[in-house]
Amino acid sequence: MKLLLLTGATGFLGGAVLDKLLDNCNNINLLLLVRAPTPQAGLERIKENMRKFNVL
1 MKLLLLTGAT GFLGGAVLDK LLDNCNNINL LLLVRAPTPQ AGLERIKENM
51 RKFNVL
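Per UniProt numbering, the sequence shown starts with residue 1, numbered consecutively.
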């Protein structure tokens, strides 16, 4: 299993890259670097961005 670090996942381009990775790569762990006060807040930022661009 590979580990991939993705920065900028809450932006437009990073969100598009994240979408493609989730669709096409089954055997990877993703580490998303997100600026947030807590891990839960970071997860919510990712989810919000994915909904905004119709990924979720």
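Here a beta-carbon is modelled for each residue, glycine too, at the ideal position from N, C-alpha and C.
| task | Could you give the DSSP three-state label for Asn54: helix, strand or coil? | result | As a working note, residue 54 is residue 54 in the sequence shown. Asn54: coil per DSSP, three-state reduction.
| task | Please report how far the alpha carbon of Leu6 lies from the alpha carbon of Leu13, in whole angstroms. | result | As a first step, residue 6 is located in the sequence shown; it is residue number 6 there, counting from the start. As a first step, residue 13 is located in the sequence shown; it is residue number 13 there, counting from the start. Between Leu6 and Leu13, the C-alpha separation is close to 11 Å.
| Excluding five sequence neighbours on each side, which residues of the same chain lie with their C-beta closer than 7 Å to the C-beta of Leu30? | Stepping through the sequence shown from its first residue, residue 30 is reached at position 30. Excluding sequence neighbours, Leu30 sits near Leu4, Leu6, Leu21.
| said: Only counting the same chain, and skipping five residues up and downstream in sequence, which positions put a Cβ closer than 7 Å to that of Arg36? | reply: For the purposes of this step, residue 36 is identified with residue 36 of the sequence shown, where counting begins at 1. Looking at the sequence itself, residue 36 is Ala, so the reference to Arg does not match. Excluding positions up to five away in sequence, the list reads Gly42, Arg45.
| task | Have a look at the DSSP bridge pairing and note the partners of Lys2. | result | Your numbering for residue 2 matches position 2 in the sequence shown. DSSP output for Lys2 lists Ile28 as bridge partner(s).
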